[in-house]
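Notes follow once the structure below has been shown.
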Amino acid sequence: AKSVNDVAGTKSIDQASSSLSNYLPHYNRFFASSANQDKGLKVIQWTLWLFSKVYSKKKKELYKTSIDISFARYLLRFFGLPSAIEAIQNKTWEDPASGYLGKVTGKLMSLAMAGYYPLEHLAYIRWTSPELLPGPITANKLSAYSCRFWLVYLLAELTQSIVRLRRLYASHNKLLKDGSGDGEPNKQNADETCLALRQSINNEWLQLSRSALFTLPCINWSLPKWDTEPWLSDPCCNGLMWVESLVSIYQALRAYR
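Take a look at the structure:
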């Protein structure tokens, strides 16, 4: 006969197996997105950099792995240019509901990314296989040029987020002021609309925070001598990137729910 401990052990295994079975489909669906894969790699990359500052015995190994992951993320960017071109053609990054600025900023964002991605590809090739792309322009300079396009994108995105937040807050406040009208169906619809607006507002604040966290490191990497005479210290620049990676994965998890 089984002992009490055997029964308890079997029950614990079954519970763990059931929990794993419930978790795995969500994990697979979440990371089926290449954007979420990049966010996951980003968290690992910058967390390893942080650990390299804390654990001195494994500093070199942790830092090297962080750099390796950074280059792996460069490969994912090879698939980014078509989305920018599509956004230019179909105006998918524009926000007409936010008026003129919503449209202009969306156009700027797509054009900036159309310039950013090719330069990132060239920088990657110059870093990893310079003999394939000989020339006077170094990988670091190509990276600086790409970051200038990225900076245009960030400033446009910051502006678009601010304009969109003003619109969302105005809609939310108007709904609260006007009330839900007569009858239970109207109240339920108003409550659902209000909840959707609050969720959109929260998501926009997260996006605004990410753009703001990116901005200073982007300016730093845009400078001509960012590699030899950085504007930001390494802890400041990479620390901001680490915080952004956490906000990024949190935003993605909220959207998944």
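Heads up: the sequence shown runs through residues 69 to 325, numbered per my numbering. We put the CB at the ideal spot given by N, CA and C, even for glycine.
Inset, instruction - Would you be able to state if there are at least three C-beta pairs under 8 Å between the region 305-316 and the region 272-284? - result: yes
Inset, instruction - Would you decide whether His189 is buried or exposed? Buried here means 16 or more other CB atoms lie within 10 Å of its CB. - result: buried
Inset, instruction - Could you tell me the distance, in whole angstroms, from the CA atom of Val315 to the CA atom of Val220? - result: 21 Å
Inset, instruction - Using three-state DSSP, classify Glu297 as helix, strand or coil. - result: Under the three-state reduction of DSSP, Glu297 is assigned to coil, being neither helix nor strand.
Inset, instruction - May I have a chain-ordered list of the alpha helix (DSSP H) segments no shorter than 4 residues that lie completely inside the region 78-125? - result: Complete alpha helix (DSSP H) runs here, min 4: 102-122.
Inset, instruction - Rounded to whole angstroms, what's the CA-CA distance from Leu276 to Ser313? Just pull it up for me. - result: 14 Å
Legend entry - Distance, Asn90 Cα to Tyr168 Cα: 46 Å
Legend entry - Contacting residues, own chain, Cβ-Cβ under 7 Å from Ser120 (five flanking each side not counted): Excluding five sequence positions before and after Ser120, the CB atoms of its chain that fall closer than 7 Å to its own CB belong to Lys127, Leu130, Tyr131, Ser134, given in chain order.
Inset, instruction - Closer than 7 Å by C-beta to Glu162: which residues in its own chain qualify, once you throw out the five before and the five after it? Chain order, please. - result: Gly170, Lys171, Gly174, Lys175
Inset, instruction - Would you kindly work out how many angstroms separate the C-alpha atoms of Ala207 and Met177, rounded to a whole number? - result: 24 Å
Legend entry - Pro292 in three-state terms, based on DSSP: Of the three classes helix, strand and coil, the one that applies to Pro292 here is coil, per DSSP.
Inset, instruction - Using three-state DSSP, classify Lys175 as helix, strand or coil. - result: helix
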